[in-house]
Every structure is written in structure tokens, then in C-alpha cells.
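Protein chains: 2
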Amino acid sequence: MKLSLNHLFNNNPPISAEILCIGSELILGNIVNTNSQWISEELTTLGINHFRQTTIGDNLNRITKLIQEISCRCNLLITTGGLGPTPDDLTTEAISRAFESPLFLREYLWNEIQEKLSHKKELIENVNLRKQCLFPKGVQIINNPTGTAPGMIWQPINNFTIMTFPGVPSELKSMWKESAKDYIKNKFSDGSIFYSNTLKLTGISESTISKKIEELLNLRNPTVAPYANLEEVKLRITAKAKNNTEAKLIIRPIKDKLKVIFSDYIFGEDDHTLASIVIDELKNKNQTIVFAESCTGGLLSSTITSVGGSSKVFKGGVVAYSNELKESLLNVPSNLIAIHGAVSEEVASAMAIGIKDKLKSDWSISISGIAGPEGGSNNKPVGLVYIAITGPDKKTTIIKKQYNSLRNRIEIQRLSVNDCLNSLRLILLSIK
Amino acid sequence: MKLSLNHLFNNNPPISAEILCIGSELILGNIVNTNSQWISEELTTLGINHFRQTTIGDNLNRITKLIQEISCRCNLLITTGGLGPTPDDLTTEAISRAFESPLFLREYLWNEIQEKLSHKKELIENVNLRKQCLFPKGVQIINNPTGTAPGMIWQPINNFTIMTFPGVPSELKSMWKESAKDYIKNKFSDGSIFYSNTLKLTGISESTISKKIEELLNLRNPTVAPYANLEEVKLRITAKAKNNTEAKLIIRPIKDKLKVIFSDYIFGEDDHTLASIVIDELKNKNQTIVFAESCTGGLLSSTITSVGGSSKVFKGGVVAYSNELKESLLNVPSNLIAIHGAVSEEVASAMAIGIKDKLKSDWSISISGIAGPEGGSNNKPVGLVYIAITGPDKKTTIIKKQYNSLRNRIEIQRLSVNDCLNSLRLILLSIK
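Protein sequences, first through last, are from chains A and B.
The first sequence begins at 22 in our numbering and counts up one residue at a time.
The second sequence begins at 22 in our numbering and counts up one residue at a time.
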């Protein structure tokens, strides 16, 4: 069930790139390779054809041979990893061997590194950082604004350029944005770009979506591709065009169609999150919100407060994990808990009303449920969650959810938070 | 800063494997390749040498050529992706072309698939699922317990075996565990296994650690390798041995040495988290804890409550995002905020004492700081955080942190939570 942009590449591309990630930690499976995904996305956006990614461990001979091999089949090689100061960092040496070009110390880089680390003298003395200043003759240096290891741009043979980056994702990204991106755009792009616009949906499964838009999934320009995670499905519309304006024109009619088909499920686009959408809505209305959380244990609050500027609408909340706190902090009558249990429509409702009264806000959300792995019963199994939302009109909406009990604790918490925010979004929309 | 197990592979290994991930969504950067990490880890555990991973898009010629290329340099190829029913799923066809061996329909598989989808008749009619039953002659089928696409085990030429898996991680994993793992173990393992034990450290940087144990990082069996993320550094000790018991004996003395060198920084091993360690400590003492959070907005609570069984020690807390709530819910005197500001030693301290009194617990933690991106000043820049911890003896410890102001909001929140939990851990240790 995959969709490809390959067809867009089929008119004799002038340039093709490869990505090479170097590091035994990748080969051993110790870390997930997020760099190759990030670079791939960047290359796609720049309209650079890219057919292969390779990962290899820290072995000088193997890296050297692989680089020679790659130089025979593409024009641009992007490497990550192996630029550090330890004996296992071998990328630059392997490249110099691959093209039989010796390394020389760039004195000014060594001065720069010493300056960067002037507050960490012992590092300069004890670690072989001079190694990071060794480069073949004639290479162009890629400045590393956040770390010590510079990268390089080098054309060792005709029609083949290498660009090296560290394996640390934040360093790679800042170097890419500051220096590499424009270089690649100017030097290698055929003038066309890829531009994507993503619709974000929740409350509908990827397979249901795919079935409804089979025809659109077979389009060639723009392409439409669905990607799902636990909480949401993204529909990514990608156009190949001369520029962003043209791309947007190509995307527009398809986007409009999708908006009609999935109007109830689309909550935003691109960088939007459910939290950011809800915050924006509340800001527009100049209203505030508070939370009373039980089974989500603070995840709803932290999801809202992970968005900058959330303090404009979010006053705060209570994590009432114990029944005692539900009574003392939220004014939930103790007999209500005794009769219905903490996980019940009645208690969720009392929690939402209690926190709204106490903290004097326009809106409140409460959640009470069983996130597991313990605490479930035949009557109230793991995955049972009650959400209550009280609004300025003091009307309380109750949402009952029974998540699949095979879901783990964290998944149930995440799904609960998602349903809180989406339910609030729908209520806010309905009173627009 | 990478360390390798490659040296363990240097005594003429009998078998070497490669991983090939097929899918344009990987090449386009739409999804992160978690499969190659997962398989790498499995191969490492099985003691199978593995030197290279490749990713390629859905293009028949390119996949065919690449498989021929790989068959010349290793003995075992694991592929993922491209087993679905759509025209873009090309793996089996490419393999059959690579070795000029035609595909035949396995009638019994077709019956199985129809049975699996008997409740989804329209899928059977509309999608070319028969494609998933085509295989070269003589291959062994890998049953897919959770999906429709079977995999295969095939030795098309001497000393070269291919095993194919779908790209869906859950299907790959269940097929691997049910069928592939034992096959590989019996057929390809030299009888030795890799076993790892990981020490987890916080409050110390990867470079400081590496400098202190340079000699240990050069060991060959066991190997010691550091991996860092935002909050912690892991020291992974890996032994190659006949079995787990022998491996543990090899690991033991090195682990003991590391424990002496880094005693203050090691908080746990393997699956431990700071939250789980703190919860265990409080359970042992039969004590409870509550939180008053400002700048972390609920992240401390949700970190604790992401651990199953946390309700035994965590009663709840307050997210007092606004000053109003700091006063009304935590009894922070309003003049204290007026004089010192919400982000101050005095207010953090009052918050910790206020919540502890109000919720009647043994311990309390409060956090007040500036997570950014807005709200910073010359006097109190973004990244300034005060943590207060009050204990059963009513003594309050204040921790002042100034995180790098280049850190983003979420990083500052995560670092703050980490410092809360680690400070509490150290206090709990000191009164043991």
C-alpha cells in the first residue's frame, strides 16, 4: 500500500543523489536512523532525485570501498556520521583514501574549535579534536554553528560531489539549513521543486480513508499519500512544479475535494496539532480553559502547555489521581464516588463542574478512566474512559470511550487526550 | 563518538547478512525507517554479522539490480516492504527476475487469504490479492499471522538466502518471532550470542564519560558504548558468549568498574527510568508525593503517571500555570509573587510547601521557570528554572537551573522534569 513519486522522476533527471549514514550504532540497531528520513524529505522538497540510502558501520576499508562504489552511480553523496574526534570516526579519512587525496590541517578551524571550547579546557587537551580540522585540499568547509565538527563539500572527480555532516541530528539540521540547502538548490536542482501540503485528520482510520479516495491515491501530479500514527492520519498532497505558486495551484482542486469528503475529520494542516487548533479557537473567543485529570495523569495539561503561548488560554488544572484529591480539590461528593465509582459518567461530570467553579474559567475538561495495566474489572475493563466537557453555558457533554484493551497504558492515555481535544474542537466548532 | 562491535566480527565470520528496505515512502522521507533498526538489533542478538543496510524505492529494475549486487557480497538478505497487492509492490517480482526464476501461484495461500478476508468481500474483489500468492518454485513460505502478505525463504544460488517480510512493522515482527528467528538461529548462527546490559546515567555529559573511560571504550569483549539523548547517557556493555550466563560473567567486572567510577550518576539499568526508580524508592519507604507545576505544565505528573502502579505513591498535583492559581490553589502569598516574581526561589519554595500542606503528602516538588519562547528578560532569561523539593522533615531544597537559552520550549520542559526526578532521587538516596 505504498505510493510513489518515482514517476515524477522519469524524464531523464540531470542529477541523482544518495545518502550514506555511517555508524556502528546504526548497524547494531542501537538507534533509529532519523537522519536519512530527514535528509530524504529535504531532498524531495528540493526536487533532487534520490534512489538509494546506505548505512554502514565504522570500518575504514568498508567505508572507503563503498564511497568508491557510490561515486560510480550518482552525482551527489550526502554522508552523516563519523566526523567526531574518536578513533572510530572515520568518514573524512575514508573519503580521502577513496580518492587518494591526503588530508591537511586547516589551522583556522583549529583556532575556531579552541575558541568554541575555551570554557572546557580539559576537552581540548584530552580529546583529539585536531582530527576534526583535517581535510583534503580544495574542499569547501561547511560551518557547524552548534558543534565542533565541520563538514565539507568536495568534488573529487568529475560529476561527483560529496557533502559530509555529523551524525548528531541537531548539528546536521543547523548546518543543512545554514549552508547546504542553498548550495544544493543552486548547484543541483533542475529548476522544479516539490511542494507538499498536508491535511490532518482524526477520528477516522487510514483504511477507511484509502477506500474512499482510491482514485485520488492514483494521481500523478499532485500525488496524494496517507500516513497514520496512533492519533491521526495525514493526507499529504505533493506537487512537482516550477515554483511554490504553481505547486499550490496544482494542489488546490485536490485539496478542495478532500476537504469536502472528509470535512468532519480534518482538524488542520501542516504544522497544526489538535492542541494548537484548540488554543487558537479559544484565543479567538477570548476564553479560558482548565483541566481535571485522573487517568491521563497530567498528559492533557502537558500536551496543551507544550504549545508556546498556551498560557493565554490555559489557566491550569488538577491531576486528581487519588479519590481523596477528587473530593478535596474538585469538590466531588464522596457518596458519588462510593455509588458510581471514580470511573463513571457521574464523577467525570462532577470533576469538570468542580474544577470550572473552583478555577473560574469558561471551559473545563475532566477525564476519568482505567489506563491499566491493572485496575480493570469485568464491569469496567482497562481502556474505559469518561470525558466531560463543561462550557460557558454550564452545559456538560459526556463522552464515553472504550479503547481496545490490548492497548498499553501510554497508548490509552494518548488516545484519551486526543479525544478530549477533538471533542472540544467539535463543540467549539458547533457553537461558532 | 561511536564505538563498534565490528572487531568482534573479525575472525573470519561464517555468515554475513544485509538488510534491504524497499519503499518509495522511505526514499521520499515520508516515514522513518524503524524496521532496519529493529532487524539490526535482532541480528545483533542472534550474533549474525551484518555490515550494510540499503533502502530503495519501488522501481522494478533498480530493485532487481540491487538484489543481484547484494547476492555477490553476503550470505543472507533480509528484505522488508513491497509485498502488498498494489502495482507498486514489486519485491517478489524483482527477486524472481534477479535469478531468472518465474513465479507460480500457490493455490493454498490464495484460499487462506480468501478465508482471512471473508468478512471483507469487497477487498477480495477489488484488490489484486492473488499477487501475494505468487512465488518462485521451491521457496519456503513464511506465514503472516496478522496480515495477508506471506513472506518467503529462498536460496536461489549457493551460499545466498533471501528472506522477505512486509513493511508493516507489526507484521514483520510477528512473522520474525514466529518463524524467522529460529530459522536464522539454527541455520546461520555460529552458536554464540550477544548479550547487553545497559547502565543509565544522568547529570553527566557523554564527552566527560568518554574521557574518563577511554580504556574501557577500547575493550573487545565485552564492548562498552555510550549513547546519549537529551536527558541521559546510556553505557551499553555487550558481551559475545556461548550463552547468557557466560555473557553475564564477562560483563560483571566491567560493570562493577563503571559503577565505581560513575556511582553518583548511575540511576538504573536497562528498562529503568528516573520515574520508575523514584516510584520504587517511595514505595519502599511507603511514602507519597504530590507536585505543583508551573512551566512544565503537567509534564512532571504525566512522566510519573506513565509508569504503571504510580498511583501507589503519586496522589496528584496542580498545574498552576497562572499566578491567580498559584495563589488560590497553592496558597502562595500574592505579595511574594509581587516582590520576587513567579519565577523565583521564594515562590518555588512556597509552591512546594503549599501543595504538600494542602494535599497531605510526605513529599512535594514544585517547578517554576521560563520555558519560552516568550516571557524571558535580561534578569530572568528563557531557560531559568527553580525547583523546590519538600520532604517529610519539612526541609525544602531549592535547585536553580539555567538551561541553555537556545533550547526550545519542549527541551527546557523535559530537562526540568529530569532534574526534578534526579534531585529527588539523590535526596532519597542521601537519607537511606
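Think of the CB as a built atom: it goes at the ideal place given N, C-alpha and C, for glycine as much as any other residue.
CA-to-CA distance, residue j to residue i, given in whole angstroms
i	j	result
arginine 118 of chain A	glutamine 74 of chain A	21 Å
lysine 347 of chain A	valine 406 of chain A	16 Å
glutamate 121 of chain B	proline 157 of chain B	9 Å
aspartate 285 of chain A	glutamine 423 of chain A	21 Å
serine 370 of chain A	lysine 415 of chain A	11 Å
valine 334 of chain B	cysteine 441 of chain B	16 Å
methionine 459 of chain A	asparagine 164 of chain A	A question about residue 459 of chain A goes unanswered here, because the residues of chain A that appear run from 22 up to 453.
leucine 47 of chain B	alanine 246 of chain A	13 Å
tyrosine 216 of chain A	asparagine 264 of chain A	8 Å
serine 355 of chain A	isoleucine 234 of chain B	58 Å
glycine 397 of chain A	glycine 404 of chain A	8 Å
serine 191 of chain A	leucine 87 of chain B	32 Å
serine 305 of chain A	alanine 409 of chain A	Looking at the sequence provided, one finds asparagine at residue 305 of chain A rather than serine. Those two C-alpha atoms are separated by around 23 Å.
asparagine 180 of chain B	asparagine 179 of chain A	38 Å
proline 243 of chain B	serine 213 of chain B	13 Å
serine 322 of chain A	asparagine 439 of chain A	12 Å
alanine 249 of chain B	threonine 417 of chain A	46 Å
proline 187 of chain B	isoleucine 272 of chain A	31 Å
Neighbour flag for residue i against chain B, beta carbons, 8 Å
i	result
isoleucine 48 of chain A	yes
proline 123 of chain A	no
glutamate 62 of chain A	yes
glutamine 153 of chain A	no
Test item: CB-CB of residue i and residue j under 8 Å
i	j	result
isoleucine 388 of chain A	leucine 445 of chain A	no
lysine 255 of chain A	lysine 221 of chain A	yes
isoleucine 376 of chain A	valine 340 of chain A	no
isoleucine 360 of chain B	threonine 411 of chain B	no
leucine 174 of chain A	glutamine 153 of chain A	Reading off the sequence, residue 174 of chain A comes out as isoleucine, not leucine. Contact flag unset, no.
asparagine 344 of chain A	alanine 313 of chain A	no
isoleucine 36 of chain A	isoleucine 84 of chain A	no
Partners in chain A for residue i, counting only beta-carbon separations shorter than 8 Å
i	result
lysine 336 of chain B	Tyr342, Ser343, Glu345 and Leu346
proline 394 of chain B	Gly329
serine 339 of chain B	Just to set this straight, residue 339 of chain B is valine in the shown sequence, not serine. Per Cβ cutoff of 8 Å: Gly337, Gly338, Val339, Val340 and Leu350.
tryptophan 197 of chain B	Ordered by position in chain A, no residue passes the 8 Å Cβ test against tryptophan 197 of chain B, which lies about 13 Å from the chain.
arginine 257 of chain B	Asn51
Proximal residues of chain B, C-beta to C-beta of residue i below 9 Å
i	result
leucine 320 of chain A	Gly319, Leu320, Ser322, Ser323, Thr326 and Ser327
glutamine 74 of chain A	Cys42, Leu47, Ile48, Asn54, Gln74, Thr75, Thr76 and Ile77
glutamine 58 of chain A	Leu47, Gly50, Asn51, Ile52, Val53 and Asn54
Where residue i falls: helix, strand or coil (DSSP)
i	result
isoleucine 419 of chain B	strand
arginine 430 of chain A	helix
glycine 375 of chain B	helix
phenylalanine 30 of chain B	Unreliable placement is indicated for phenylalanine 30 of chain B, whose pLDDT of 41 sits below 50; the coordinate value is still reported in the next sentence. Here phenylalanine 30 of chain B sits in helix by DSSP.
glycine 319 of chain B	coil
serine 117 of chain B	helix
lysine 137 of chain B	helix
lysine 158 of chain A	coil
isoleucine 40 of chain A	strand
threonine 326 of chain B	helix
tyrosine 248 of chain A	strand
threonine 76 of chain A	strand
histidine 71 of chain A	strand
isoleucine 386 of chain B	strand
serine 195 of chain B	helix
valine 311 of chain A	strand
alanine 359 of chain A	helix
Any C-beta of chain A under 8 Å from that of residue i
i	result
glycine 78 of chain B	yes
histidine 71 of chain B	yes
asparagine 439 of chain B	no
valine 368 of chain B	no
threonine 65 of chain B	yes
arginine 430 of chain B	yes
serine 332 of chain B	yes
Neighbour list for residue i in chain B, Cβ cutoff strictly below 7 Å
i	result
leucine 380 of chain A	Leu346
Contacts that residue i makes with chain B (C-beta to C-beta distance below 8 Å)
i	result
alanine 246 of chain A	Glu46 and Asn51
glutamine 135 of chain A	In chain order: nothing, as chain B lies at least about 16 Å away.
Min CB distance residue i to chain E below 8 Å
i	result
isoleucine 162 of chain B	Given the protein chain composition of this structure (A and B), no chain E is represented.
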